[in-house]
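Asks: The opening position of the sequence shown corresponds to residue 6 in our numbering, with each subsequent residue numbered one higher. The structure follows.
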Amino acid sequence: MLRKLLFTIIFVSAAAAAAAQPVKVEWGVMGGINVPDYSTNMDRTEIKNKLGWQAGLVTSLKIGWFSIDPQILYVRQGLRIRTQAGDELNLKSNSIDVPVLAAFRPIRIVRIYAGPVFTVMNDCKRKSGGDKIDFGRVRPTMSYSVGAGVTLFKHLLIDLRYNGQFKGKKDVVLPDGSRMDKLRTYNVALSVGYLF
Numbered sequence: 006m007l008r009k010l011l012f013t014i015i016f017v018s019a020a021a022a023a024a025a026q027p028v029k030v031e032w033g034v035m036g037g038i039n040v041p042d043y044s045t046n047m048d049r050t051e052i053k054n055k056l057g058w059q060a061g062l063v064t065s066l067k068i069g070w071f072s073i074d075p076q077i078l079y080v081r082q083g084l085r086i087r088t089q090a091g092d093e094l095n096l097k098s099n100s101i102d103v104p105v106l107a108a109f110r111p112i113r114i115v116r117i118y119a120g121p122v123f124t125v126m127n128d129c130k131r132k133s134g135g136d137k138i139d140f141g142r143v144r145p146t147m148s149y150s151v152g153a154g155v156t157l158f159k160h161l162l163i164d165l166r167y168n169g170q171f172k173g174k175k176d177v178v179l180p181d182g183s184r185m186d187k188l189r190t191y192n193v194a195l196s197v198g199y200l201f
């Protein structure tokens, strides 16, 4: 009940702001690093996370102190899995993410946001004897993002966000035939951008 009331207040406030002020469009480019946290509930399967990166286009439809910020980001992440049999897999995940964020701007240079993230392409490969073999999806098709950003000198964007998922991927089959009951992924991303 409290959650519904909160969402109703947010949307009514946004609608009132939209009716009172014109829409201003911002756009720019952004790039940075992400620190992934892949984990599993299997005791004998060890996962080591690798530093990743992301880059892409950002837009913002500003209506007073509120904005909708659709983005498109190329995200690269890596992880190493040591299986129960002792084999080691080095995986590289490439994805295209589309966050659609609702942002609140309590003061001109600060924005606080949250929203869904749609992963429209997810390609994960592993190396085997010089060949790259498809491993399958390791990231969710829909997740969420929360964070904050500041805009300095009207053009420099600094952004920190936490990306989580609603549920873990189940029954991940490894090359030795063993299965991971559940694979979860979260990451913290720090980016710098330029708004035109």
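Quick reminder that beta carbons are idealized off the backbone N, C-alpha and C, glycines included.
Please list, in chain order, all residues of the same chain as Asn99 whose beta carbon is under 6 Å from its beta carbon, the five residues on each side excluded.
Replies: As a working mapping, residue 99 is identified with position 94 in the sequence shown. Contacts found: Arg81 and Asp128.
Asks: Give the range of the beta strand (DSSP E) segment to which Met35 is assigned.
Replies: Residue numbering aside, residue 35 sits at position 30 when the sequence shown is read from its first letter. Met35 -> beta strand (DSSP E) spans Lys29 to Thr45.
Asks: Can you give me the C-alpha to C-alpha distance between Gly53 and Leu84, rounded to a whole angstrom?
Replies: Locating residue 53 in the sequence shown gives position 48, counting from the first residue. Locating residue 84 in the sequence shown gives position 79, counting from the first residue. One detail in the question is off: residue 53 reads as Lys in this sequence, not Gly. Their backbone Cα atoms lie some 6 Å apart in a straight line.
Asks: Would you report the Cα separation of Ser148 and Arg116, rounded to the nearest angstrom?
Replies: As a first step, residue 148 is located in the sequence shown; it is residue number 143 there, counting from the start. As a first step, residue 116 is located in the sequence shown; it is residue number 111 there, counting from the start. Distance between the alpha carbons of Ser148 and Arg116 is about 20 Å.
Asks: Going along the chain, which residues of its own chain have a beta-carbon closer than 6 Å to the beta-carbon of Thr146, five neighbours each way excluded?
Replies: Position 141 of the sequence shown holds residue 146. The residues are Thr124.
Asks: Take Lys159 as the anchor and find which of Arg189, Arg113 and Leu188 has the nearest alpha-carbon.
Replies: In the sequence shown, residue 159 corresponds to position 154, counting from 1. The shortest C-alpha separation from Lys159 is found at Arg113.
Asks: For Phe123, report the span of its beta strand (DSSP E) as first-last.
Replies: If you number the sequence shown from 1, residue 123 lands on position 118. Unbroken beta strand (DSSP E) run through Phe123: Val115 to Ser133.
Asks: Give the straight-line distance between the Cα atoms of Ala194 and Gly134, rounded to the nearest whole angstrom.
Replies: The count along the sequence shown starts at 1 and reaches residue 194 at position 189. The count along the sequence shown starts at 1 and reaches residue 134 at position 129. If I take the Cα positions, the gap works out to 32 Å.
Asks: Are there 16 or more other CB atoms within 10 angstroms of the CB of Val105, so buried, or fewer, so exposed?
Replies: Mapped onto the sequence shown, residue 105 falls at position 100. Exposed is the call here.
Asks: Just how far apart, CA to CA, sit Leu157 and Asn192?
Replies: Numbered from 1 along the sequence shown, position 152 holds the residue referred to as residue 157. Numbered from 1 along the sequence shown, position 187 holds the residue referred to as residue 192. Their Cα atoms are separated by approximately 25 Å.
Asks: Once you ignore the five residues that flank Asp139 on each side, which residues in its own chain have a CB closer than 7 Å to its CB?
Replies: As a working note, residue 139 is residue 134 in the sequence shown. Lys130, listed in sequence order.
Asks: Kindly indicate if chain B contains any beta-carbon less than 7 Å away from that of Leu84.
Replies: In summary, chain B is missing from the structure at hand, where a single protein chain is found.
Asks: Mark Asn39 as exposed unless 16 or more other C-beta atoms lie within 10 angstroms of its C-beta, in which case mark it buried.
Replies: Counting from 1 along the sequence shown, the entry for residue 39 is found at position 34. Asn39 is buried by the Cβ-count criterion.
Asks: Smallest Cα separation from Val197: which of Asp164, Pro27 and Asn168?
Replies: The residue given as residue 197 occupies position 192 in the sequence shown. Minimum Cα distance to Val197 is reached at Asp164.
Asks: Could you tell me which of Ile86, Lys67 and Tyr199 sits nearest to Val30, measuring between CA atoms?
Replies: The residue you call residue 30 lines up with position 25 of the sequence shown. The shortest Cα separation from Val30 among Ile86, Lys67 and Tyr199 belongs to Lys67.
Asks: Can you tell me where the beta strand (DSSP E) with Gly61 in it begins and where it stops?
Replies: Walking along the sequence shown from the start, residue 61 turns up at place 56. Segment Glu51 to Ile68, the beta strand (DSSP E) holding Gly61.
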